[in-house]
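In what follows, a single structure is set out as structure tokens and then discussed.
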Amino acid sequence: AQSVSQHNHHVILSEAASLELGCNYSYGGTVNLFWYVQYPGQHLQLLLKYFSGDPLVKGIKGFEAEFIKSKFSFNLRKPSVQWSDTAEYFCAVNPTGGYQKVTFGTGTKLQVIP
Amino acid sequence: GAGVSQTPSNKVTEKGKYVELRCDPISGHTALYWYRQSLGQGPEFLIYFQGTGAADDSGLPNDRFFAVRPEGSVSTLKIQRTERGDSAVYLCASSLASQQGYTDTQYFGPGTRLTVL
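Just so you know, the sequences run in chain order A and B. Start counting the first sequence at 61; every next residue gets the next number (our numbering). Start counting the second sequence at 27; every next residue gets the next number (our numbering).
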């Protein structure tokens, strides 16, 4: 079975700082990878996803993630965070070739200080 | 358009009682998922429907949990003999289609916060 690790549970940054949130997964085969975000008081929503092709994926609001297969990683990045990026971020993985059981990480709470 | 809706938004019940949680997916979405999110954790998969049938119920923790989707649209998650450990936010998500090897974007509802006293 697959698993996802998010090593940073709580990150505090000042506005304009660069962001990198770690995500590592464990699975022996090919996978689809996702980052979801939950803003305060809102639903979970998709930030970006990787299925195949270019390992550098761009999402909404200036976020991007890079799939490094050799490291089983899919880290989320943003060059300059804003106060409005304060949210909880979840990495998720879904094996290809099967139905869509998605496994989520435990999440990283990002707090951006103005 | 309307997103995924879930009712009730909050449910407080006593240990041993029966509860039903409802999910209305986005119109036209054939795939529907239930997740449970406990405090400090990510969403935990419970069950997945493709149309009316449960294609994967491997995440249901025990036989007290059951879910139905009789007409391929609205789904109800049913919990019998609730326990304090069932307290969590129950999330529903839907997507356009579900084919082997291809994952459609899942759209999540706001969740139902269940508290078992």
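We treat Cβ as the ideally placed atom computed from N, Cα and C, and that holds for glycine.
- Taken in chain order, the whole beta strand (DSSP E) runs of length 3 or more contained in the region 72-140 of chain B are 79-82, 91-94, 101-105 and 114-121.
- The residue from A:Q105, A:S130, A:G82 and A:K131 with its alpha-carbon nearest to that of A147 (chain A) is A:Q105.
- Contiguous beta strand (DSSP E) elements confined to the region 135-163 of chain A occur at 147-155, taking only those with 3 or more residues.
- Scanning its chain for C-beta atoms nearer than 7 Å, with the 5 sequence neighbours on each side dropped, one finds around S64 (chain B) the residues A114, in chain order.
- Ranked by how close their Cα comes to the Cα of P96 (chain B), the residues B:G77, B:G54 and B:P87 have B:G77 in first place.
- Taking 8 Å as the cut-off, the beta carbon of K104 (chain B) is found closer than this to the beta carbon of A93 (chain B).
- With at least 16 other beta carbons inside 10 angstroms of its own, H55 (chain B) counts as buried.
- Bounds of the beta strand (DSSP E) holding E46 (chain B) are V45 to D50.
- In the three-state DSSP reduction, S130 (chain A) falls in the helix class (H, G or I).
- At a cut-off of 8 Å between C-beta atoms, G66 (chain B) counts as an interface residue with respect to chain A.
- Look at G135 (chain B): its C-beta is under 8 Å from a C-beta on chain A.
- Assigned with DSSP and collapsed to three states, K169 (chain A) falls in strand.
- Inter-residue distance for H103 (chain A) and S78 (chain A) is about 25 Å (C-alpha atoms, whole angstroms).
- Y110 (chain A) is positioned such that its CB atom lies no closer than 8 Å to that of P155 (chain A).
- At a cut-off of 8 Å between beta carbons, T163 (chain A) contacts chain B.
- In the DSSP assignment, I72 (chain A) falls within the unbroken beta strand (DSSP E) covering H70 to S74.
- Each residue's CA atom was taken as its position, placing S101 (chain B) and A76 (chain A) some 43 Å apart.
- Below the 9 Å Cβ cutoff, chain B contributes no neighbours of G119 (chain A), its closest Cβ being approximately 12 Å away.
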